[in-house]
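Undergrad:
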């Protein structure tokens, strides 16, 4: 009787610089160009507290992810970590939530690219073409992914830096708004309608403002901003391809997270100084173009920020597709997804079948999705639950593998649950339904094996 061959392994080709760039490319996307404006619409000048809260939760999650990835430097991220530390069902829950959340993220990124490039009537076809093109890049090797990500991050950072300087010049010249004197808007006055329908705002009756309303607005804004921080774990999902993983993974995660936190605080401050946003609809899907309009900047400046937004969202999508496919690879190896998805192309050393599957799913979502911000909140639901499992798993690690104190894992877990609770009621209902579908699917698979 012959034994089945061991699954093909991925080559370790990514150094510290490549890993940091992939983490930056995963974070510098809709967080700057979409979610930051939405967060200020909710929290006003208190958006700085929301960014800090989101960063604090992300830091707790990052230490857990780094600690786990150092012990288990393989593809799959918290799906694999949860299986090893907590059991198979915990691992499946993490992996399924990751696939749900990050597939929604991919759709959001593609729609952002299209929103900055073409009129609304052409956005969905263009977004689908962007997904196809960047999936094709991932199919020919992770080193090419890192190389393109480096270029896109550089373009985005230059554009953001130049835009921030121009906006600050406008503020100094007297074109700023109310700044820190503006009120905290709080949750929507009618919490039963709109994006923030139902949910915690309705339960607490906090839709009319006050201290409770302001506090809830900050937490809700933090849940939106957290979407922008979540990319640091992309390094962990590429753990099987990173050189010297115990040393490289923690350093890459924390370096990328720290750099992005500083950038987001600066840009949030700029929006506060220029805001509040004009009109009843807030900053909209392109807050920095709206801000440039408010200070009277010309078309050249709008072109610069458009180039930066397109490059940032494309870079994020590039890294997201790679991360989701690696989680699918790990799940397929264990039989929690169809085993053919575990195939690794020997020439390019990438899980091409998983990459293609992710690309198809994202194209379908791009065609069917109703709104970028809805996709962002859907992503936050899945990703926050994913990190909740990561924090629990890291808490159970032995001292031999511990890199950070347990208090950070507790902080990360509590923060994840708090931000999930603040999400819209419709997001919670749809997310829980998808989780239930995944659990039922795995139960059926296990029953059929028996």
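Numbering (the numbering used here), first residue to last: 175 to 624.
A virtual CB, placed ideally from N, CA and C, is assigned to each residue, including glycine.
Computed from a prediction, not measured in an experiment: that's the story for all the values here.
1) Quick check on the DSSP output: the alpha helix (DSSP H) that includes residue 419 runs from which residue to which?
2) Taking the alpha-carbon positions, what's the residue 625 to residue 430 distance?
3) Under 7 Å Cβ to Cβ from residue 367, same chain only, skipping five residues before and after it: list those, please.
4) Helix, strand or coil: how does DSSP classify residue 539 here?
5) Are the Cβ atoms of residue 334 and residue 479 separated by less than 9 Å?
6) Using DSSP with H/G/I as helix, E/B as strand and the rest coil, what is residue 191?
7) Cα-Cα, which of 604, 567, 488 is closest to residue 305?
8) Out of 579, 294, 200, 236, state which residue places its alpha-carbon closest to the alpha-carbon of residue 546.
9) Return the first residue and the last residue of the alpha helix (DSSP H) that residue 618 is part of.
10) Within a Cβ cutoff of 8 Å, which residues of the same chain sit near residue 570, ignoring the five residues on either side of it in sequence?
11) Along the chain, where does the alpha helix (DSSP H) containing residue 290 start, and where does it finish?
12) Give me the Cα-Cα distance between residue 241 and residue 403, rounded to the nearest whole angstrom.
13) If you draw a straight line from the C-alpha of residue 290 to the C-alpha of residue 588, how long is it?
14) Quick one: give me the first and last residue of the alpha helix (DSSP H) that residue 555 is part of.
15) State the DSSP-derived secondary structure class of residue 364, mapped to helix, strand or coil.
16) Can you name, in chain order, every residue of its own chain whose Cβ lies under 6 Å from the Cβ of residue 548, other than the five neighbours on each side?
17) If you count every other CB in all the chains shown that lies within 10 Å of the CB of residue 265, and 16 or more means buried, which is it?
18) Quick check: the Cα distance between residue 216 and residue 388, rounded to an integer number of angstroms?
19) Specify, as a first and last residue, the run of the alpha helix (DSSP H) that residue 467 falls within.
20) Could you check what DSSP says for residue 231 in three-state terms: helix, strand or coil?
21) Going by CA-CA distance only, name the one from 604, 482, 592 that's closest to residue 395.
22) Can you tell which of 308, 228, 235, 225 has its C-alpha closest to the C-alpha of residue 581?
23) I need the boundaries of the alpha helix (DSSP H) containing residue 312, first residue and last residue.
24) Identify the residues that DSSP records as bridge partners of residue 339: which are they?
25) Determine the extent of the alpha helix (DSSP H) in which residue 499 is found, giving its start and end residues.
26) Quick one: any contact between the stretch 212-230 and the stretch 560-569, if contact means 3 or more CB pairs under 8 Å?
27) Can you tell which of 485, 297, 525 has the C-alpha that lies nearest to the C-alpha of residue 543?
28) Under the assumption that residue 309 contacts residue 482 (Cβ atoms under 8 Å), give the Cβ distance between them as a whole number of angstroms.
29) Could you give the distance in angstroms between the alpha-carbon of residue 614 and the alpha-carbon of residue 263?
30) Out of 441, 554, 257, 471, state which residue places its alpha-carbon closest to the alpha-carbon of residue 605.
31) Please report the distance separating the alpha-carbon of residue 451 from that of residue 444.
32) Let me confirm a value: residue 611 is counted as buried when at least 16 other C-beta atoms fall within 10 Å, else exposed. Which label applies?
33) Could you check what DSSP says for residue 416 in three-state terms: helix, strand or coil?
34) Going by DSSP, what residues sit across from residue 524 in a beta bridge?
35) Tell me the DSSP secondary structure of residue 251 in three-state form.
36) Please report the distance separating the alpha-carbon of residue 352 from that of residue 460.
TA: Concretely, from the data shown:
1) Bounds of the alpha helix (DSSP H) holding residue 419 are 419-448.
2) Residue numbering for the chain in the displayed model covers 175 to 624; residue 625 lies beyond these limits and cannot be assessed.
3) Because the pLDDT at residue 367 is just 40, under 50, the model does not fix this residue reliably, and the value given afterwards should be weighed accordingly. Cβ within range, chain order: n/a, list empty.
4) Looking at residue 539 - three-state DSSP - the assignment turns out to be helix.
5) Yes, these two residues count as a Cβ contact at 9 Å.
6) Residue 191: helix per DSSP, three-state reduction.
7) Measuring from the Cα of residue 305, the nearest candidate turns out to be 488.
8) Nearest C-alpha to residue 546: 294.
9) Start and end: 599-623.
10) Answer for residue 570: 259, 260, listed in chain order.
11) 262-291 is the span of the alpha helix (DSSP H), which, as asked, contains residue 290.
12) In a straight line, the C-alpha of residue 241 is about 18 Å away from that of residue 403.
13) Taking the straight line from one Cα to the other gives about 36 Å.
14) Counting along the chain, residue 555 sits inside the alpha helix (DSSP H) bounded by residues 546-569.
15) Low local confidence applies: a pLDDT of 40 at residue 364 is under 50, so the model's placement there is unreliable, with the coordinate-based value given in what follows. Three-state result, residue 364: coil.
16) Nothing meets the Cβ criterion.
17) Residue environment analysis places residue 265 among the buried positions, since at least 16 neighbouring C-beta atoms fall within 10 angstroms of its C-beta.
18) Going from the Cα of residue 216 to the Cα of residue 388 covers about 9 Å.
19) DSSP places residue 467 inside the alpha helix (DSSP H), whose first and last residues are 461-468.
20) Residue 231 carries a helical assignment under DSSP once its states are collapsed to helix, strand and coil.
21) Taking each of 604, 482, 592 in turn and checking the Cα distance to residue 395, the smallest one comes out for 592.
22) Closest in C-alpha terms to residue 581, from the list 308, 228, 235, 225, comes 235.
23) Per DSSP, residue 312 belongs to the alpha helix (DSSP H) from 297-313.
24) Per DSSP, none; premise fails for residue 339.
25) Looking at the DSSP string, the run of the alpha helix (DSSP H) that includes residue 499 is 473-507.
26) By the Cβ test, the stretch 212-230 is not in contact with the stretch 560-569, since fewer than three Cβ pairs between them sit closer than 8 Å.
27) Of all alpha-carbon atoms in 485, 297, 525, the one lying nearest the alpha-carbon of residue 543 is that of 297.
28) Actually they do not touch by this definition, with Cβ atoms about 23 Å apart.
29) Computed Cα separation, rounded: 12 Å.
30) Among 441, 554, 257, 471, the Cα nearest to that of residue 605 belongs to 554.
31) Near 12 Å, if we compare the C-alpha coordinates of residue 444 and residue 451.
32) If you draw a 10 Å sphere on the C-beta of residue 611, you find fewer than 16 other C-beta atoms in it, and that means exposed.
33) Of the three classes helix, strand and coil, the one that applies to residue 416 here is strand, per DSSP.
34) Paired residues: 519.
35) Residue 251 falls in the coil class under three-state DSSP.
36) Their backbone Cα atoms lie some 20 Å apart in a straight line.
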